[in-house]
Structure formats: C-alpha cells, structure tokens
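J.: Structure in structure tokens, see below.
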Amino acid sequence: MTDVVVVESPAKAKTINKYLGGGYKVIASFGHVRDLPAKDGSVRPEENFAMDWTSEDRGERQVREIAAALKGAKRLFLATDPDREGEAISWHVREMLDKKRLLKGVEVHRITFNEITKRAVQYAIDHPRDLDTPLIDAYLARRALDYLVGFTLSPVLWRKLPGSRSAGRVQSVALRLICEREAEIEAFKTREYWTVEARFATPIGAQFTARLTHLDGKRLEQFDLPDEAAAKRAVAAVEAGSFTVASVEKKRVRRNPQAPFTTSTLQQESSRKLGFGAQATMRLAQQLYEGVEIGGETVGLITYMRTDGVQMSREAIDAIRGHVREEFGNNYLPPSAREYTSKAKNAQEAHEAIRPTDVRRTPGSVARYLNPEQRRLYELVWKRAVASQMASAELDQTTVDIADAPNKVRLRATGSVIAFDGFLKLYREDVDDAPAHSPAGMGDDEDSRVLPPMAERDPLKRGPVTPEQHFTQPPPRYSEASLVKKMEELGIGRPSTYASILQTLQDRDYVRLEKRRFQPEDRGRLVTAFLVSFFERYVDTGFTASLEEQLDDISGGRADWREVMAQFWDAFSKAVAATKDLKISDVIDALDEDLGPHFFPPADDGSDPRLCPNCHTGRLGLRLGRTGAFIGCSNYPECRYTRALVAPGAEGAEEAGGFADGVRELGAAPDGQQVTMRRGPYGVYVQLGEGGTDSKGKPTKPRRASLPRGMEPDGVTLERAVALLSMPRIVGLHPETGEEITANLGRFGPYLKMGTISKSLDRDDDVLTVGLNRAVTLLAGAKPSAVPLGEHPKDKAPVEIRRGRFGPYAQHGQTVASLPRGVEVEDFTLEQAVALLAEKGKQLPPRGAKGRTAARKAPARKAAAAEAEAPKPAARKAPARATAAKKTAAAKSTTAAKKAPARKPAAAAKARKAPAKTGG
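If you want this note's numbering, it's the 1-based position in the sequence shown plus 142.
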C-alpha cells in the first residue's frame, strides 16, 4: 500500500520520489487544477460572493491520475508550495477529489517544506497539518477581488475609451507609477550650476584635490554659482589666496552587510548585476529550488524563492558561521549571529529568506552541474547569504578643511581607506540609482581614495583651479529593479506577483522596456489618465496598500473575507455605476487636460503647439474614434486634419534606427544572396534576396522572417539574420523519447515542436539559442495538438482528435465534428469518432474560399471555425443563434437568411472573455 504525495511540478515530483522511496507515489498537479471561468457571473456578490470553478482538460487529467493512485492508499499528502497559491492548489485538489467522493477512508494531510532536501521532505512527512483555512480565505478574497475589478472596470474602459484593453487591479497602480514618473521627467526644468576644484600639494609634495565649499565667508549651496561668470569670480578668489590646513578630522566607520535575499531584493540585484529580467530571475530560481542533478542525485540548491522574510533558520545560520570561520578565519566572524527584520511595508515574514540549502555546496563546487545563467544566480544567492553573517567592514574616513588667511575662502577634501574588508571580501552591494557620492553607492575607487598625511596649520601649495559646469538631471525612469523596490516600499502586490505584473504591462502594450528602463506607451498613458480622472481611489497607492493589509488580516485570521469583499464591492460598484451617464466629451476633456503637455509641448519658436497646420484656425486636441484615440482639429468636419497619437521625437524613430528608406543591408548570406532588414506594415523583418521566378515564369516571393518580440533591430547581425531565415532550428533529441525537438517562428511568436506537441517560448527565451534542457522543461507540460485514433474504415485516412480554442474536435480529412461536452479526449475511441463524424460532421471549405455563397452557409462558417482550431460544441451555442436559425428556416426568405443578429451574442461573449487575466 503506497501513500500519495501531490506537488506542483514534474521536476519536484521526480526529486521527492527519490527521497521518499517505494512507499510513496508522487504526482504533479502542474499548478492550478481549476480556476474561475472567464465569463460574467463566475463571482456573484449578490449571493455572498459565491464562486464557480471550472477545470480544463489538463486539470481533469491530473486529478484523474491522483484518483487512480489513491485506490488502496491510506494517506494523501498535499505538498504544494508553502505560500497562499500553494495552499489554494492543495484546497482545489482536495475539493475536486471530495466532490467525486474519492476520499472515503483516506487521511488528507497538508505538508510544506522550505527547501527540497531529503531531510526537509522527511521532516514534513513526519509533521503534517491541516489545510490553512485563513490562507485559503485570503486566496478566495484576492481572486474574487481581481476578477470583479477586471470584469467590471474593463467594459467601462472599452465603452468610454475605445482602443483600450483590460484594467487589472494592481497592474493599473504600477502603470500609474510609470506614467507619473514620465510626467515628472517631461515637466522637469534643467538648471545650470558650477563647481570649483583646486589642486594642492603638501610640504612634502604629495598632491590631492579639494572642492570649494565657502566663498566670501558663506557656505555655497548647489545653485550659488549659477553660470560661468560666477564660477570665474570664484576661481579668481581661490587663485588670489594662500592656503593652510584648517582642520583634519579622522573617524572610523563601520559598514554592515545586507540581509539575505527576499523575492524583491533578488529580482533587484539580479537585474542590476546580472542583467536578468524579473521573469527570467524567477524561472532560474525555480529551477535551483526544484533541484539539479549532482552526482546522480537531484538536489535542491536554494530555499523557496517567493518570500518577503529576511530571517534564516538557526541551523542554517550555524552552518554559515561555521563555513565563514573555516574559510576566512575568526576575524571575519561577528561575536554573535546577525538577526534581520524586514523593512518592507506589509511584510509577512512567513518564510525564510532565500539561501543555499547547504552552504558547503559552494558556487565553484556545483558550477559544472549548472548552465551559465543558473550558475551566476546561484553564486549571487550563495554569496549574499554567507556575507550576511560576516563581520562588518571598517573604513577610515578623513576630512580635511582648507582655508585662506582671512578664512573667507574654504575648500574640503575627503578620502577613505578600507581598514578591514570584512564581508566586502566576499560580496559588494551594488545600489541602483544611488548618486556616486553617497555612502550607499560607494565603489572600489571611493573606498580606496587615500589623502596624504596632513596636520593642522600645514601650509599648502596651490596648483590649477578648475571650474566645472553641471546641469540638474530629471528623476530616472523606473527599471525593473527600482519599480519592484518602489512597489515593495508602498506595500503593493506580493513577492509572487511582481514578475507577472511587469510582464502583463508589457504584454498589453501599455509600457515598453528601452535600455532596461520602463517607458509608458501612449495607450498606457491614456488608460492611466482615464482611471485617475474617474476611478482615482482605485489606482491610489495608499488605497491599494490598505487593501493588501486587509488581505493580510484575512490570511492571519483577523478578518472575514466576505465582509472585506462586501465593503469593497459596495463602494466600487457605486463608482462604476456613476460612469453610466458619462459622456465621451467629458472623457476627452479630462484626457486632453491631463495629457496635453505630453502631446503638445511648447514649440521652440514660441508658436501655439495646438494650432492646426491645415486650416491654421482650429485647435488640435484629443479625439476618440472606434479604433482608439487620435489627434484632430476642432473645426471638424470643415477641417479633416488628423494624426496618430505620436509623442514628440517619435517621428524620427525610423531614421534613428537606420530605416530612413525602410531597408538596411546586413551583408551576404553563405549562398551569396543579400540579406536585408526591412520595416513592413506588421513590424520589422529580415529578407533573403529579392525573389525570382519559378519554372513557369511566375514571380516567387523571397524568404522572410519576422523579428521575434524583444529582439531589437539594432542588435540584429548578419549571423542572427541568417539564423532566423534558416528556421526551423533543430534543438536536439528528447532524452527519454528520442523524438526530434525543433525551434521555429510562427504566427504567434517563437515556439518549440516535438511530434504533435508544440509550446510557445517564454518572453526571456531566445529562439536562436534555447537549449535542450530548457526545451524539455517547457515541453513537459504541453499537450499534443492532434491525437491520432487510427484509420477510418472507409478510406483508411487518419482520424484525429484536435484541440481548438473552444474545445476538442474530431477530424477526418476535411470533415470535422466537435466532441460532446464532458467527453474526455483520452477516453474517446476510434469507433466513437467515426460515429460522431458521420452524424454531426461538417465539411471544411477550401482554403481561401470567398464570396456570398460561402458566407451564407452556416455549416461552412462552423467548419471554418474548426479549421482555425476553434470549433464550438453544439451544446454550448447561444440560444439566440438557435432561435434565429429556426426563424430563418421557417421564413425561407432570402432577406431573413442574410440577417446577422444571431452572431451578435457570440461576438459579445467573445468580447466579454477578454479580461480573464486581469488579476494583480
């Protein structure tokens, strides 16, 4: 009799199975097994926030596998991740099994472990607990909250702001931060100021540099030398004086190590030091957590990577202190262990910080088992954790003040030297956006700048005096690291959501990453301006943070989730209802006022930037059309001048990118044909040659390949272009099945293919370099696009089950039929498929078929949907369509046959599905 253990991923299942041995069967749930269906009514506030759940084929398949393993089992261990999402997945699995009445006589336990090691897993098995109800309630509240905001606010956006997309609860606040920072940058007025430095020599000839701090007996502020004339007067004053050392101050300062990583600090440091995005960092951390093969054994190298806690277990601290003593000596070990507490707002301190599971596995000892990206991230985690328990660094800082005889002109020189390197011997902090002169931003040169020996009243010989011009700089745009840091400081979002929030903003084209900094797109600025104007409370950082606190109260058992939801929904639904009578003109006026400075900046010649260039009397402003916003003239319809929303400077983007004529030559391919990069109506692509003619004299198109998303045109070399044009690329053979895996570019972006299975690459994967290990990992959870059942008895042609957008369907040649609702693909037989195709099969039209005849045939429309892998089962069709069809048949009228109202409900249903992924 074996016990059953449920984890989230196949990699984790494989590792834990080895640890537990034959008495256990470990099964992966592949994440969530069910979710809220993407349609109205899945959360019903009027029924005390009742929620409907549905599971797709994958979820049902995994639950069936768990159910099969439970036959004869005595215990079920739910071992999903140790956080809110993991608790929710365990709850869903239990609920689905209980609903099927499969838990009779089975003990259900919840276990968690912060690291995947044999000791930690065995300890968890020996110390099970019940499911954490408050944590599940917090999940339900957050899921209902994100669903209701998305499905209530998004339709308002679509109606009042055409061309916009969905509005997520936390993403909207993050987008507001990016847009407001951009507005600060645009409104920033540069100011000029000057500084003066002088070179001095001590009596023994040692030289150093000092900066002017006092002039005419007054301390100089930043803008006291506003121009070159003032700077020259200051230079003259310095050159006129003779100087001596007024004072020498020496002090020793200590610099303490930083705490070990949390999720947010890991993402920040990984971005700054390694150049990894938040998504890439979390993917690599997940791999290190789930384990790598070392010496024939799968070993988890780091602890759980979604955490806001900075503390470590006593066992881990003792092991790290022992390693420091052994490797660096007692001088590098503080007298007592360091204890850290989180400064982040709303930190839950629920888990340990991110640390190595075994400090003895140094980066060097495991490097050969890791790929380069894994190695670099593991080294970062390992060094940060070890350094956190090392002695403080000590620096000797010296400040020398220099004055002329009347003490009206004073200068200052500073220097420091590392007296004891302490933790700096292993790890140096790299603070993003820190000024070069700030202590936090010290670099190697700053730490080692040494002043020559001097004493009070020593005479000094003055050398050259140099004025230097400066200009104030606007605040920097947010990087992934600094935005995550800001969100953490404000208490917005949670460790598990940061990466997905940043990715969602990019996927919706609300922002773009340029030189690793976020810049808002005009679409994102319009959405933010709309939300701030009409839903300001719900994109307010303070309100969002307070809502996070309430969710934390729920998870701590201090608040009832339905009461929290009721309070939120009452105010939110009233705010949405208040926009019912909102006029488009009101929206335009609000957006125009907010974004006017962005789209109509002051002209260099002083002319009115809003003056219409066509009629010279109208005023340019924002307008809203069916496809979105644009700029138009107030004299419409007399003046029909319009232009797209283009921020200043964007017009020259093509020329700046080398596309002034739309073509850039990259060089000759190995076959001698020219490779060019071109800009087309659908984006940038590379092209081989210029085409030619076939054997019949008909022109042939040249080979082309679009640039994958994220690949900048400036970074495309001849070699990369040739590689794109040579797609598909063979990645390798699957180590278990021996099937060939290829990487290719498709209509929806880069993807992997193995037999009938395909899987889109993640945003951070490069189609030109993705390796075999990564490909196997991605394909592990993919499902085949076609399942062969066998040969049709009539013509021996293959019969297959395919998966479409609206469900599975059977296909035989050009005949298709949707599978009935509730039928499992794995259980569907060839005989059933043949019978279904004979009874309900529809013929696919020839590719490219057009004309009124094809358009009128209802079966052809349905078959065309199937051709696009989107057949819709008959049982699921909207009643409106069926009713309309009956009326059409009864009337037998050509006019009635042409009517289209029956299509509208389906179109509306499709539109209403769009905001499914709106959660924060």
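For each residue, glycine too, the CB sits at the ideal point set by N, CA and C.
Cutting at 7 Å between CB atoms, please list the residues of its own chain near Ile278, excluding the five before and the five after it.
T.: As a position in the sequence shown, residue 278 is number 136, starting the count at 1. Closer than 7 Å at Cβ, skipping near neighbours: Glu229, Ala230 and Trp233.
J.: My understanding is that Leu299 touches Val669, with C-beta atoms under 8 Å, so please give their C-beta distance in whole angstroms.
T.: By one-based count along the sequence shown, residue 299 stands at place 157. By one-based count along the sequence shown, residue 669 stands at place 527. About 7 Å separates the two Cβ atoms, so the contact holds.
J.: Considering only DSSP beta bridges, list what Thr556 is partnered with.
T.: Along the sequence shown, read from residue 1 onward, the residue named residue 556 stands at position 414. In DSSP, Thr556 forms a bridge with Thr541.
J.: Out of curiosity, what's the CA-to-CA distance linking Val377 and Gly557?
T.: By one-based count along the sequence shown, residue 377 stands at place 235. By one-based count along the sequence shown, residue 557 stands at place 415. Near 23 Å, if we compare the C-alpha coordinates of Gly557 and Val377.
J.: Spatial neighbours of Thr686 within its chain, please: CB distance less than 7 Å, with the 5 preceding and 5 following residues excluded, ordered by chain position.
T.: The count along the sequence shown starts at 1 and reaches residue 686 at position 544. Around Thr686: Val312, Val315 and Ile634.
J.: Of all the options Ile436, Ala732 and Arg604, which has the alpha carbon lying nearest to the alpha carbon of Ala382?
T.: The residue you call residue 382 lines up with position 240 of the sequence shown. When only C-alpha atoms are compared, the closest one is Arg604.
J.: Under three-state DSSP, which class holds Lys550?
T.: As a working note, residue 550 is residue 408 in the sequence shown. Coil, per DSSP.
J.: Quick one: is Lys843 buried, meaning 16 or more other Cβ sit within 10 Å of its Cβ, or exposed?
T.: For the purposes of this step, residue 843 is taken as residue 701 along the sequence shown, with counting starting at 1. Its Cβ having fewer than 16 others within 10 Å, Lys843 is exposed.
J.: With a threshold of 8 Å, are at least 3 pairs of Cβ atoms found where one atom belongs to the region 877-896 and the other to the region 853-863?
T.: Look at the beta carbons and you see the region 877-896 not touching the region 853-863: under three pairs across the two are nearer than 8 Å.
J.: Based on Cα-Cα distance, which residue from Thr254, Gln364, Pro224 and Asp937 lies nearest to His269?
T.: Position 127 of the sequence shown, counting from 1, holds the residue named residue 269. Among Thr254, Gln364, Pro224 and Asp937, the Cα nearest to that of His269 is on Thr254.
J.: Return yes when the Cβ of Ala533 is within less than 7 Å of the Cβ of Tyr620, no when it is not.
T.: Your numbering for residue 620 matches position 478 in the sequence shown. Your numbering for residue 533 matches position 391 in the sequence shown. For Tyr620 and Ala533, no; Cβs fall outside 7 Å.
J.: Going by DSSP, what residues sit across from Lys895 in a beta bridge?
T.: Counted from its first residue, the sequence shown places residue 895 at position 753. Paired residue(s): Thr884 and Ser900.
J.: To which residues does DSSP link Met193 through a beta bridge?
T.: As a first step, residue 193 is located in the sequence shown; it is residue number 51 there, counting from the start. Met193 pairs with Val185.
J.: Is DSSP giving Met819 helix, strand or coil here?
T.: Here the question's residue 819 lines up with position 677 in the sequence shown. The answer is strand: DSSP assigns Met819 an E or B state.
J.: Using the DSSP secondary-structure output, state which residues sit across from Trp336 in a beta bridge.
T.: As a first step, residue 336 must be located in the sequence shown, where it is residue number 194. Trp336 is bridged by DSSP to Gln611.
J.: Using the C-alpha atoms, what's the distance from Gln985 back to Tyr265?
T.: In the sequence shown, counting from the first residue as 1, residue 265 sits at position 123. In the sequence shown, counting from the first residue as 1, residue 985 sits at position 843. Using only the alpha carbons, I get a separation of about 60 Å.
J.: With respect to 6 Å, is the separation between the Cβ of Arg761 and the closest non-hydrogen atom of the ligand MN below this value?
T.: For the ligand MN, the structure offers nothing, since it holds no ligand at all.
J.: Please go through the region 218-280 and give each complete alpha helix (DSSP H) segment of 4 or more residues, from N-terminal end onward.
T.: 226-241 and 260-268
J.: Ile169: which of Arg176, Glu207, Ser184 and Val185 sits nearest, CA to CA?
T.: The count along the sequence shown starts at 1 and reaches residue 169 at position 27. Checking every option, the nearest Cα to that of Ile169 belongs to Glu207.
J.: Alpha carbon to alpha carbon, what distance is there between Val909 and Glu150?
T.: Mapped onto the sequence shown, residue 150 falls at position 8. Mapped onto the sequence shown, residue 909 falls at position 767. Near 27 Å, if we compare the C-alpha coordinates of Val909 and Glu150.
J.: Nearest to Ser727 by alpha carbon, out of Leu764, Arg502 and Asp746?
T.: Taking the first residue of the sequence shown as 1, we reach residue 727 at position 585. That would be Leu764, whose Cα lies nearest to the Cα of Ser727.
J.: Give every residue of the same chain whose Cβ lies closer than 6 Å to the Cβ of Glu807, excluding the five residues on either side of it in the sequence, and list them in chain order.
T.: Numbered from its first residue, the sequence shown carries residue 807 at position 665. Contacts found: Thr818.
J.: Given this structure, state the Cα-to-Cα distance separating Gly583 from Ala535, to the nearest angstrom.
T.: Translated into positions along the sequence shown, residue 583 becomes position 441. Translated into positions along the sequence shown, residue 535 becomes position 393. Confidence is the limiting factor: at Gly583 the pLDDT is only 35, short of 50, which leaves the residue's position unreliable and the question unanswerable from this model.
J.: Pick helix, strand or coil for Ser171, following the three-state DSSP scheme.
T.: By 1-based counting over the sequence shown, the position of residue 171 is 29. In the structure shown, Ser171 sits in coil (DSSP, three-state: anything other than H, G, I, E or B).
J.: Classify Ser171: buried if its beta carbon has 16 or more other beta carbons within 10 angstroms, exposed otherwise.
T.: The sequence position of residue 171 within the sequence shown is 29, counting from 1. Classification of Ser171: buried, given that the 10 Å Cβ count is 16 or more.
J.: In the DSSP output, which residue or residues are listed as bridge partners for Thr386?
T.: Translated into positions along the sequence shown, residue 386 becomes position 244. Ala545 and Pro601.
J.: State the CB to CB distance for the pair Phe970 and Leu961, rounded to an integer number of angstroms; the pair is presumed to be in contact (CB under 8 Å).
T.: As a first step, residue 970 is located in the sequence shown; it is residue number 828 there, counting from the start. As a first step, residue 961 is located in the sequence shown; it is residue number 819 there, counting from the start. Confirmed, Cβ separation roughly 7 Å.
J.: Secondary structure at Arg752, three-state DSSP: helix, strand or coil?
T.: Within the sequence shown, numbered from 1, the residue matching residue 752 stands at position 610. In this structure, Arg752 counts as coil in the three-state DSSP scheme.
J.: DSSP has Gln661 in a bridge; who is on the other side?
T.: Position 519 of the sequence shown, counted from the first residue, corresponds to residue 661. Gln661 pairs with Arg654.
J.: Find out if the Cβ-Cβ distance for the pair Thr445, Glu494 is shorter than 7 Å.
T.: Residue numbering aside, residue 445 sits at position 303 when the sequence shown is read from its first letter. Residue numbering aside, residue 494 sits at position 352 when the sequence shown is read from its first letter. Yes, they are a contact pair.
J.: Under the DSSP definition of a beta bridge, which residues are partnered with Lys933?
T.: Position 791 of the sequence shown, counted from the start, is the residue given in the question as residue 933. Position check: residue 933 holds Glu in this sequence, whereas Lys was assumed. Pro940, per the DSSP bridge assignment.
J.: Just verifying my parser: in three-state terms, what is the DSSP assignment at Arg785?
T.: Mapped onto the sequence shown, residue 785 falls at position 643. If DSSP states are grouped into helix, strand and coil, Arg785 belongs with the strands.
J.: Would you please verify whether the beta carbon of Arg284 is less than 7 Å from any beta carbon of chain C?
T.: The chain labelled as chain C is not found in the depicted structure, where only one protein chain is given.
J.: Note down the Cα distance separating Ala153 from Gln539, rounded to an integer number of angstroms.
T.: Along the sequence shown, read from residue 1 onward, the residue named residue 153 stands at position 11. Along the sequence shown, read from residue 1 onward, the residue named residue 539 stands at position 397. Each residue's Cα considered, the two are about 52 Å apart.
J.: Given that a residue counts as buried once 16 or more other Cβ atoms are within 10 Å of its Cβ, and exposed if not, what is Gly564?
T.: Counted from its first residue, the sequence shown places residue 564 at position 422. Looking at its Cβ environment, which holds 16 or more other Cβ atoms inside 10 Å, Gly564 is buried.
J.: By DSSP, does Glu363 sit in helix, in strand, or in coil?
T.: If you number the sequence shown from 1, residue 363 lands on position 221. Reduced to three states, the DSSP call for Glu363 is coil.
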